[in-house]
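Only one structure is covered here, and it is reproduced in the block below.
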């Protein structure tokens, strides 16, 4: 998911975490299946398998197993050759030349350098409206093309021949190889994509795959099946033949199926965690994902900084993390998560912050009264947009109760809708408050901070701060190679964002799940927090 980039020193890889069984059988029923089929669940369906357009977690999870970029993470989280077999980089660090391996799509067509050129040009073309096109902004002219200032053919990508791809960057990017694993860098077969037109990526048979799996069946809002790709160059190292994913919004349903052996892994929440306390099949992960409230300053009430700060201070974050969620989540006052990036001296970016806590109810009450007075009103009513997942609903209800109790005169109306519809409504600017979530694309604070620049396609908060933009612009140019100076600039940018109360951080996400002990090596993508199943294994 996310931008123009990053910090450099020695950046420590995060989340090379295996969602692995603990190797000891508990009292839970073992999986009934012994056919090398992995039975999983998700709380929402795939929205699109078009790598240029996919936005949501379920879609990106699936894409990570059915598509591959030039380089991808291995079992240890190290970035290794995937669609490419090798690369060379110029002395100035700005030109990468990739040699492609002999790989094929699921229909037998060869994967060529032109497929990468087509995919990247399609993504930056403003007519495509790819929300994550900024993942390509380090490529020569990409940003200007995406903003309609230059024609698409000016993009710095060239197919020298069928097996040689050249990518020119605007500036040296030490983590560029990691970026080539993101969906914006996945190849697309131009002929197939154009034949499918607007249907591409919306059905199992209107999508082409170059990864270890293909989506062989897709029953919308019910589930989908991924089967081993017979054309995949490394299929001998793909152990699980089939992955069956069911869509389940209710934790109780998932737990019941897990206990009867019909699921190998079940996502759970605080409603059942205590039941599994001490059970070795219970797993918790801290994720590089932050949940926050977006304020739409198009609403005159929310254009008032005092109102935004009142809301940001008006609820108990600790209760949300430890009581409501109880899944390893931690309350946060930052938009940058802990553990995302460390300096060359091993210092976490977040540990050097000095931003004060935003939990101050007395301050919230005072600011709310002042904001109401300045608006000429005695009370206020605002909407809160949340997705229809069980977790989002619960948090929405909690926020409503807290804010209405602590800020007398405020009414919060909750609007619940499926994730894709929520995203579309938010992008149209038709909301007041929105409970949003963002996960890291790469190991640098800018993967979050660039969301809120004046020109960001995802900045639908009507938030603009010239100084904020300048901090980031300088951090990504003149201070790029000065770690200390760059870190200071990024801290200033984050502090500006939070002091402006453009958003209200709530918690850094955890992930809690049950997993059978005979299932191992389901991996979490470093930084981005999405799963990939190439190395998954199931015994018995």
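Numbering (this note's numbering), first residue to last: -12 to 527.
Every residue gets a Cβ at the ideal spot worked out from N, C-alpha and C, and that includes glycine.
Query: Suppose contacts are defined by Cβ-Cβ distances below 8 Å. Is residue 501 in contact with residue 263 by that definition?; Result: yes
Query: In or out: residue 463 buried (at least 16 other Cβ within 10 Å) or exposed?; Result: buried
Query: From 123, 284, 153, 31, pick the residue whose C-alpha is nearest to that of residue 75; which is it?; Result: 153
Query: Does the structure place the stretch 205 to 215 close enough to the stretch 128 to 139 that three or more beta carbon pairs sit under 8 Å?; Result: no
Query: Would you decide whether residue 301 is buried or exposed? Buried here means 16 or more other CB atoms lie within 10 Å of its CB.; Result: buried
Query: Classify residue 528: buried if its beta carbon has 16 or more other beta carbons within 10 angstroms, exposed otherwise.; Result: A question about residue 528 goes unanswered here, because the residues of the chain that appear run from -12 up to 527.
Query: Helix, strand or coil for residue 186, going by three-state DSSP, please let me know.; Result: helix
Query: Since residue 57 contacts residue 251 with CB under 8 Å, what's their CB separation in whole angstroms?; Result: That pair is no contact at about 31 Å.
Query: Can you list, in chain order, the residues of its chain with a C-beta nearer than 7 Å to that of residue 35? Leave out the 5 residues immediately preceding and following it.; Result: 41, 46, 188, 189
Query: Verify whether the separation of the beta carbon atoms of residue 51 and residue 512 is less than 8 Å.; Result: yes
Query: Please state whether the Cβ-Cβ distance between residue 492 and residue 254 is less than 8 Å.; Result: no
Query: Taking the CB atoms as reference points, tell me whether residue 71 and residue 85 lie closer together than 8 Å.; Result: yes
Query: DSSP three-state call for residue 150: helix, strand or coil?; Result: coil
Query: Run the CB neighbour count on residue 44, radius 10 Å, all protein chains shown included, and call it buried at 16 or more, exposed below.; Result: buried
Query: In chain order, what residues of the same chain have a beta carbon less than 8 Å from the beta carbon of residue 60, not counting five sequence neighbours either side?; Result: 3, 66, 67, 168, 510, 512, 513, 519
Query: May I have the straight-line CA-CA distance separating residue 529 from residue 201, to the nearest angstrom?; Result: Nothing about residue 529 can be read from this structure; the chain reaches only from -12 to 527.
Query: Does the beta-carbon distance from residue 219 to residue 225 come in below 8 Å?; Result: yes
Query: What would DSSP say about residue 141, mapped onto helix, strand or coil?; Result: helix
Query: Run the CB neighbour count on residue 367, radius 10 Å, all protein chains shown included, and call it buried at 16 or more, exposed below.; Result: buried
Query: To the nearest angstrom, how far is the alpha carbon of residue 282 from that of residue 419?; Result: 6 Å
Query: Taking the alpha carbon of residue 448 as the reference point, which residue from 412, 329, 454, 430 has its own alpha carbon closest?; Result: 412
Query: Could I get the ranges of all uninterrupted alpha helix (DSSP H) runs contained in the stretch 431 to 491, with 4 residues as the minimum, in chain order?; Result: 433 to 436, 453 to 462, 470 to 486
Query: Can you have a look at residue 287 and say buried or exposed, based on whether 16 or more other CB atoms are within 10 angstroms of its CB?; Result: exposed
Query: By the three-class DSSP mapping on this structure, what secondary structure does residue 307 have?; Result: helix
Query: What did DSSP end up calling residue 37 once you bin it into helix, strand or coil?; Result: coil
Query: What's the gap between the Cα of residue 521 and the Cα of residue 55?; Result: 11 Å
Query: Do the stretch 467 to 485 and the stretch 290 to 297 touch if we need at least three Cβ pairs shorter than 8 Å?; Result: no
Query: In terms of residues, what are the limits of the beta strand (DSSP E) holding residue 275?; Result: 269 to 282
Query: Since residue 428 contacts residue 122 with CB under 8 Å, what's their CB separation in whole angstroms?; Result: 6 Å
Query: Bridge partners of residue 403, per DSSP?; Result: 373
Query: So what does residue 133 bridge to, in DSSP terms?; Result: DSSP output for residue 133 lists no bridge partner at all.
Query: Tell me, to the nearest whole angstrom, how far the beta carbon of residue 372 is from that of residue 422; I am working on the premise that it is less than 8 Å.; Result: 7 Å
Query: Measuring only the C-alpha atoms, how far is residue 320 from residue 494?; Result: 8 Å
Query: Reducing DSSP to helix, strand and coil, say where residue 2 ends up.; Result: Because the pLDDT at residue 2 is just 30, under 50, the model does not fix this residue reliably, and the point stays unresolved.
Query: Would you say residue 376 reaches chain B, if we count a Cβ-Cβ gap shorter than 8 Å as a contact?; Result: Here chain B cannot be found, since the structure has a single protein chain.
Query: Taking all protein chains shown into account, decide if residue 265 is buried (16 or more other Cβ within 10 angstroms of its Cβ) or exposed.; Result: exposed
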